Every structure is written in structure tokens, then in C-alpha cells.
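Structure first, commentary second.
Chains as they are written, first to last, in the working numbering: chain A, 2 to 160; chain B, 9 to 138.
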């Protein structure tokens with residue numbers, strides 16, 4: 002699955018869940034992420050992975066303010082920011098897994114876990130620039146494992 | 009008819025968002041109750057009459073699917089209207105939830121989708137579990 006499909010899914014969630022305004026692909030990590038949340042998942046045939054969602058200061062605070070319906074100039078608390086970004090990560094993970102693997106298989110998402118903010122790395126990193134800031138997503142999993150791909154996308158015999 | 013509504017989600021901000029969506033939806037709302045997981049939700053339903061449950065799936069302690077199974081097995085609670093509000097996209101799991109008589113809307117959602125789901129339940133168009 003292409004990065005552009007992932008980017009489109011991230012943009013749709015940012016826009017529809019947190020009323021953020023996507024601009025396009027982000028080039029690189031900011032100096033530092035404000036919040037980083039990981040969502041571990043378990044999929045078919047014992048496959049496992051995690052989706053890490055990072056938000057810079059602007060994106061994190063705008064997400065919290067919009068989810069809470071805060072007035073302009075009313076700053077969210079640190080707990081608000083963490084809770085809002087956790088839900089953003091949860092919804093992003095739920096929306097990205099079917100983009101990556103299709104709709105026919107069940108994935109169980111573990112509760113979002115805040116982690117130490119660090120530069121994003123991994124087999125696939127996608128960044129979305131917003132008017133408000135930047136969201137980065139790092140996708141880790143067993144998707145490159147042919148055994149898992151076979152379980153996720155069964156090969157159908159040709160007619 | 010004013011609905012007594014139970015919003016079940018482990019994230020307090022999402023409970024707030026769903027509650028705001030309910031109030032914006034135009035549904036006649038009586039009481040609004042919140043719960044953070046399936047166990048709290050069952051306790052709330054045994055404490056007071058609930059017409060409509062808006063239910064997340066991925067929650068700690070007791071998830072939404074376990075909760076729905078318990079509700080449908082309870083003779084007093086089994087007819088309660090349930091709308092699953094979740095990031096879930098797995099078609100087999102969604103089919104299972106619908107077979108238990110729940111409507112389904114995908115997060116993120118718009119208030120009008122919530123109204124459509126409730127209307128679908130009221131018209132008896134969902135599932136066959138109740």
C-alpha cells in the first residue's frame with residue numbers, strides 16, 4: 002500500500018476527528034515532537050505490530066482544543082493534550098490497518114500508550130503537514146513477513 | 009420520546025465529543041450517562057433505565073463486544089438499542105456486532121450519521137439478535 006493512501010487516511014482522520022487542516026506531505030521531523038503515542042495491535046495468524054503517532058506542539062494543542070471545544074486562547078492542560086492525542090492515535094490506527102491490510106481480517110488494538118518523544122523511524126514513516134503543525138506516523142509490524150501477508154491477503158487461484 | 013442515553017468509551021474526551029454530537033444531532037435527549045468500560049456500563053444500566061447505548065469497542069476491562077454479548081443475554085436489558093461507535097473496520101467483526109442487533113458507525117463520524125443509525129434501529133433494520 003502506497004504512502005499516499007496512508008497519508009490520505011491520516012488526513013481524513015485529522016480533518017474529521019479533530020477539525021485540523023491538512024496541507025500535504027511533511028518533509029521531516031520537527032525539532033521535537035510534543036507527544037508520542039503508540040498503539041500496539043494483534044492481527045490474524047498471530048501477526049503483531051504497533052503504530053506510533055507523533056504530534057508537534059501545534060498539532061497536539063489544536064487536537065486537544067478542538068476535541069474539547071475550547072475557546073481561542075484557552076490552553077488545554079497537559080492531561081487534555083495526552084488524552085486527545087491518545088484518541089487521535091487510536092482512531093488513526095483503526096483507520097490505517099484496513100488501508101494496509103484490507104477489511105477482511107480482525108485486528109485488536111491495545112489501549113494507546115504515551116511513549117518518550119524521539120525521532121520517527123521504522124519501515125514506513127509518513128508525515129502530514131497541517132496548518133496547525135505536523136503529525137507523523139511510524140508503522141511497525143510484520144507486514145513484510147510473507148507468512149503474515151499470506152494470512153492477511155489470501156492468494157486466490159486463477160480461474 | 010426522549011432517550012436516556014449511555015455513552016461508553018474509555019477516553020473521556022471522546023465521551024465528551026460523542027455527547028456533544030448527540031446534543032447537536034437533534035435527538036430528543038432525556039438523561040445522559042457516561043461509562044469508561046463495559047463493566048461500568050453494565051452497572052449503570054442496572055442502576056437506571058437506558059434506551060440507547062453509544063458503545064466503543066476497544067476498551068480495557070470489558071470491551072464493547074463482550075459488553076454487547078452480556079446485554080443481549082440479560083432478559084431485562086436485551087432489547088436496549090445499541091449503536092457501536094468505533095474505529096473498527098473488520099467486516100467479520102462488524103457483521104458479528106450487527107447480528108447482535110447493533111447499528112454501527114465508524115469514527116470519526118458526523119452527528120447525522122448517528123441519527124441515521126438510531127433511526128435504522130428504531131425501524132428494526134439492523135441485525136437479528138433481538
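Just so you know, even glycine gets a beta-carbon here, dropped at the ideal spot from N, CA and C. In this text, all values refer to a predicted model and were calculated from it rather than measured experimentally.
Using CA atoms only, rank isn't needed, just tell me which of 123(A), 117(A), 99(A) is closest to residue 110(A). 99(A)
Through-space distance from residue 105(B) to residue 76(B), alpha-carbon basis: 8 Å
Tell me whether the segment 94-103 of chain B and the segment 121-131 of chain B touch, counting them as touching only if at least three CB pairs, one residue from each stretch, are closer than 8 Å. no
Residue-level contact to chain B via CB, residue 4(A), 8 Å cutoff: no
For the putative contact between residue 71(B) and residue 44(B), defined by C-beta atoms under 8 Å, what is the C-beta separation to the nearest angstrom? 12 Å between Cβ atoms; not a contact.
With a 10 Å radius around its C-beta and 16 neighbouring C-beta atoms as the bar for buried, classify residue 128(A) as buried or exposed. buried
Three-state secondary structure (DSSP) at residue 26(A)? strand
Between the Cα of residue 164(A) and those of 101(A), 87(A), 107(A), spot the shortest distance and give me the residue it belongs to. An answer regarding residue 164(A) cannot be provided, because it is not within the stretch 2 to 160 covered by chain A.
Contacts that residue 84(A) makes with chain B (C-beta to C-beta distance below 8 Å): 19, 20, 21
By the DSSP assignment, the beta strand (DSSP E) with residue 94(B) in it spans what residues? 89-94
Taking residue 14(A) and residue 93(A) to be in contact with their CB atoms under 8 Å, please state how far apart those CB atoms are, rounded to whole angstroms. 5 Å
Would you call residue 83(A) buried or exposed, if buried means 16 or more other Cβ atoms sit within 10 Å of its Cβ? buried
Alpha-carbon to alpha-carbon, residue 128(B) and residue 114(A): 35 Å
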